[in-house]
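Chemist:
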Amino acid sequence: MSKPKTTGKSGLRSELVRHNNLSAILKLVHIKGPLTRSEIVDQTGLSRNTVGMLVGELTTNELVSEYVVESNGSRGRPSPTVHPAHQSSAVIGVEILVDSIAVAVVGIGGEAIKLRHTTRDRNRNHPELVATDLAKFIESIINEIPSKTHIYGIGIAVPGLVEPENNVILAGPNLGWENVPFGQLLHEKLSASTAISIRNEADLGALAEQRRGAATGINNILFVSADIGIGGGIISDGTLLSGTRGLAGEVGHLPVEQKGRTCRCGAIGCWETVIGSEALIERIGSDQPFTYQAVADSLTNAAQGDDKTLKAYEVHGHWLGVGLAGIISVLNPQMIILGGFLGPAYPYVINALYAELNQRVMPAIIENCEVVPSELRDKAQLQGAAEFAWDHAFATLPQAIDARISASELQATDR
Ligand SMILES: [Zn+2]
554 MSKPKTTGKS
564 GLRSELVRHN
574 NLSAILKLVH
584 IKGPLTRSEI
594 VDQTGLSRNT
604 VGMLVGELTT
614 NELVSEYVVE
624 SNGSRGRPSP
634 TVHPAHQSSA
644 VIGVEILVDS
654 IAVAVVGIGG
664 EAIKLRHTTR
674 DRNRNHPELV
684 ATDLAKFIES
694 IINEIPSKTH
704 IYGIGIAVPG
714 LVEPENNVIL
724 AGPNLGWENV
734 PFGQLLHEKL
744 SASTAISIRN
754 EADLGALAEQ
764 RRGAATGINN
774 ILFVSADIGI
784 GGGIISDGTL
794 LSGTRGLAGE
804 VGHLPVEQKG
814 RTCRCGAIGC
824 WETVIGSEAL
834 IERIGSDQPF
844 TYQAVADSLT
854 NAAQGDDKTL
864 KAYEVHGHWL
874 GVGLAGIISV
884 LNPQMIILGG
894 FLGPAYPYVI
904 NALYAELNQR
914 VMPAIIENCE
924 VVPSELRDKA
934 QLQGAAEFAW
944 DHAFATLPQA
954 IDARISASEL
964 QATDR
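Quick note on the working numbering: the sequence shown kicks off at 554 and runs consecutively.
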C-alpha cells in the first residue's frame, strides 16, 4: 500500500518552502548569470542536496542547463556551472509609447534574443486598435524564434497610471486613455492565454537600472525619467514601491512652486511644469512650438557650448535639485538615476543640481547619495518590462511552468 500524501499544514508549508527555494535559485541564476552549485549553496544558504534537487528540476524544465566550460590553464577538474537556458525559455517585453511600440523577446538571464521597434499611426491610438496592432507585432517577432521556445508571459510598460493588480490603465494622458483594461484586451487578441503584467514605465525603468544598469545591486534608488511628463520609480530596500493601488512614484506632481503654472493634472506648480521638456524649450527662448527635435537640438547646442542653451540647462538643474531635495529627504536613497532627456543632459544640469542639494538636504543624507545618468538609456523601460514578466514567473513557480506556452501557440487572433 502506498503512503498517503501529506495534506496537513506542515505538508503545505514544506511545499511552499520548496517553491520559494526553486524561485530563489532561478532568480539568482537569472540575475547573476552562470554559477557553480557551490556558489548557489553559498548565496542561498540552502543545503547542497536541496540545491542539487532543485537545479535538477529547473534543468528538466529547460530553465537552466548545467555544463562544464573548458578553461585553459586552470588546475584541477573544473566544476560544472548552472547557466540560464536563454534559448529555451523567454518572456516578451513590450513598451507602448504614443507614437511607437517596442517588443523584445528576453530569455531567462536577461538577454534580448529579438528586439524590434515600430512607429505607429497616432490615429490608431484607441486601446482596441493598439491591442490588435500589438498582438500582430508580437506574432511577427515570435515567428522568428524557435517554435518550441517556452514563453512565460508578457510584461508591458506604459506611460500612465497603472493598477498592476488588475492590469488596468487608470489614466494615460498622452495616449488619451482612461480606465482601460488593457491586459484583458490583449488577452482577447492573442490565440493562447499567457500571463500579462502591466506597470508604469518609470517603475520598470527603475527595476531595469537596478538589475542591469547604473544601479546594479543597489537597493535604495529613485529613477526619474523626463519627457513632456515626468515619471518616477522607487526601489526601497530592494523592492519596487507600489503604494495602496500601485500608483506610488508620481514625482512629477510634487508641488514645488506655490504660484506656478497649472499642470496637466489640474494642480498648480507641479515639478513637471518646471523640469519637463516643454519647460526647457521655453526657457531656451525658442519662439517655435515645442517639438521633440527641439529637445534633441538643445542637447547638440549645449554640447557645442551655446551660452543661452547652457544657461537654460543650469536653471533646469536648479529646479531639478529643488524637487530632488524633498524626495531624497523622504526616501534616503543611495542613488538617483536620471533618465529620458535628463540622461544626456546630465553634464549640463549636474552642478546646479548639486548646489541645490547641498544647500537643502542634511549632510548625513546627501553625503551617501549619488546622482547619475541612466545607463540603459532608451532601453530601460523595455528591459524593465521583461524583468517584470520574469518576476511574475518567479513568484508563481512552479505553476508558471505548467502555464507556460510554446512560441508557436502565441499568434494574433482576428477578433
Ligand atoms: Zn501635476
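Even glycine gets a Cβ: it sits at the ideal position worked out from N, Cα and C.
Could you check the C-alpha separation between Val570 and Leu950 for me, to the nearest Å?
Modeler: Cα-Cα distance, rounded: 11 Å.
Chemist: Reducing DSSP to helix, strand and coil, say where Phe941 ends up.
Modeler: It is helical.
Chemist: Within the present structure, is the beta-carbon of His806 separated from the nearest heavy atom of ligand 1 by less than 6 Å?
Modeler: The answer is yes for His806.
Chemist: Excluding sequence positions up to five away, which residues of its chain have a Cβ less than 8 Å from the Cβ of Leu575?
Modeler: For Leu575, where only same-chain residues beyond five positions count, the Cβ hits under 8 Å are Leu607, Glu610, Leu611, Leu950 and Pro951.
Chemist: Are the beta-carbon atoms of Gly802 and Gly785 separated by less than 7 Å?
Modeler: For Gly802 and Gly785, yes; Cβs fall inside 7 Å.
Chemist: Note down the Cα distance separating Ser642 from Thr702, rounded to an integer number of angstroms.
Modeler: Looking at the two C-alpha atoms, the distance is approximately 6 Å.
Chemist: Helix, strand or coil for Arg549 per DSSP?
Modeler: Residue 549 lies beyond the residue range present for the chain, which begins at 554 and ends at 968; the question has no answer from this structure.
Chemist: When we look at the beta-carbon of Thr536 and count the other beta-carbons within 10 Å, is it buried (16 or more) or exposed?
Modeler: In the structure as shown, the chain begins at 554 and stops at 968. Residue 536 is therefore absent and cannot be evaluated.
Chemist: Check each candidate in Arg630, Tyr866 and Ala767 and name the one with the smallest Cα separation from Arg930.
Modeler: Cα-wise, what sits closest to Arg930 is Ala767.
Chemist: If you follow the beta strand (DSSP E) that Leu714 is in, where does it begin and where does it stop?
Modeler: Leu714 to Glu716 is the span of the beta strand (DSSP E), which, as asked, contains Leu714.
Chemist: If we ignore side chains and look at the alpha-carbon of each, how far apart do Lys556 and Thr613 end up?
Modeler: Because the pLDDT of Lys556 is 48, which lies under 50, any placement of that residue in the model is unreliable, and the question is left without a value.
Chemist: Measuring straight from C-alpha to C-alpha, what distance separates Asn885 and Phe690?
Modeler: Rounded to the nearest angstrom, the two C-alpha atoms are 41 Å apart.
Chemist: What do you reckon, are the CB atoms on Gly708 and Phe941 nearer than 7 Å?
Modeler: In this structure, Phe941 lies closer than 7 Å to Gly708 by Cβ.
Chemist: Taking the alpha carbon of Leu833 as the reference point, which residue from Gly799, Ala849 and Tyr620 has its own alpha carbon closest?
Modeler: Comparing Cα-Cα distances from Leu833 to each of Gly799, Ala849 and Tyr620, the minimum goes to Ala849.
Chemist: With three or more beta-carbon pairs closer than 8 Å as the criterion, would you say the region 871 to 880 touches the region 755 to 764?
Modeler: Judged by Cβ distances under 8 Å, the region 871 to 880 makes no contact with the region 755 to 764, as fewer than three pairs qualify.
Chemist: Take every Cβ of the region 825 to 840, pair it with every Cβ of the region 778 to 795, and state whether three or more of those distances are shorter than 8 Å.
Modeler: Yes: at least three Cβ pairs fall under 8 Å.
Chemist: Specify, as a first and last residue, the run of the beta strand (DSSP E) that Ile704 falls within.
Modeler: Unbroken beta strand (DSSP E) run through Ile704: His703 to Val711.
Chemist: How would you label His583, buried or exposed, when you count the other beta carbons within 10 angstroms and need 16 or more for buried?
Modeler: Buried: at least 16 other Cβ atoms inside 10 Å.
Chemist: Examine the Cβ distances between the region 787 to 803 and the region 727 to 745 and report whether three or more of them are shorter than 8 Å.
Modeler: At 8 Å Cβ cutoff, the stretches do not touch.
Chemist: Considering Cα atoms alone, identify which of Ser961, Ser750 and Thr597 is closest to Asp944.
Modeler: Residue Ser750 is the option with its Cα nearest to Asp944.
Chemist: When the Cα of Asn696 is compared with those of Lys667, Val914 and Ile722, which residue comes out closest?
Modeler: It is Lys667.
Chemist: Output needed for Lys580: all residues of its chain with C-beta closer than 6 Å, excluding positions within five of it in sequence on either side, in chain order.
Modeler: Contacts found: Phe947.
Chemist: Whose CA, out of Leu728, Val883 and Asp859, lies closest to the CA of Leu775?
Modeler: Checked all of Leu728, Val883 and Asp859; the closest Cα to Leu775 is Val883.
Chemist: Please tell me whether Pro633 and Val621 are closer than 7 Å, where the distance is taken between their beta carbons.
Modeler: Cβ atoms of Pro633 and Val621: closer than 7 Å.
Chemist: Rounding to the nearest angstrom, what Cα-Cα distance links Asn773 and Thr966 in this structure?
Modeler: When rounded, the distance between both Cα atoms is 42 Å.
Chemist: Using CA atoms only, rank isn't needed, just tell me which of Met888, Ala898, Tyr845 and Thr844 is closest to Ala865.
Modeler: Taking only the C-alpha atoms, the option nearest Ala865 is Ala898.
Chemist: Restricting to runs no shorter than 4 residues, where is the alpha helix (DSSP H) found entirely within the region 903 to 959?
Modeler: Correct list: 916 to 919, 933 to 948 and 952 to 956.
Chemist: Which one of Val809, Gly937, Ile958 and Arg957 has the shortest CA to CA distance from Glu648?
Modeler: Among Val809, Gly937, Ile958 and Arg957, the Cα nearest to that of Glu648 belongs to Gly937.
Chemist: Pull the bridge partners of Arg571 from the DSSP assignment, please.
Modeler: DSSP output for Arg571 lists no bridge partner at all.
Chemist: Measure how close the beta-carbons of Thr844 and Ser851 come, nearest whole angstrom, since I'm counting them as under 8 Å.
Modeler: Rounded, the Cβ-Cβ distance is 11 Å, inconsistent with contact.
Chemist: Note down the Cα distance separating Arg630 from Arg669, rounded to an integer number of angstroms.
Modeler: Approximately 42 Å, taken between the alpha carbons.
Chemist: Measuring straight from C-alpha to C-alpha, what distance separates Glu825 and Val604?
Modeler: About 49 Å.
Chemist: Kindly indicate which residue of Ile837, Ile889 and Asn732 has the alpha-carbon position closest to the one of Gln763.
Modeler: Comparing Cα-Cα distances from Gln763 to each of Ile837, Ile889 and Asn732, the minimum goes to Ile889.
Chemist: State the Cα-Cα distance for the pair Ala577 and Thr769, rounded to the nearest angstrom.
Modeler: In a straight line, the C-alpha of Ala577 is about 18 Å away from that of Thr769.
Chemist: With burial defined as no fewer than 16 other Cβ atoms inside 10 Å of the residue's Cβ, what is the status of Thr685: buried or exposed?
Modeler: It counts as buried.
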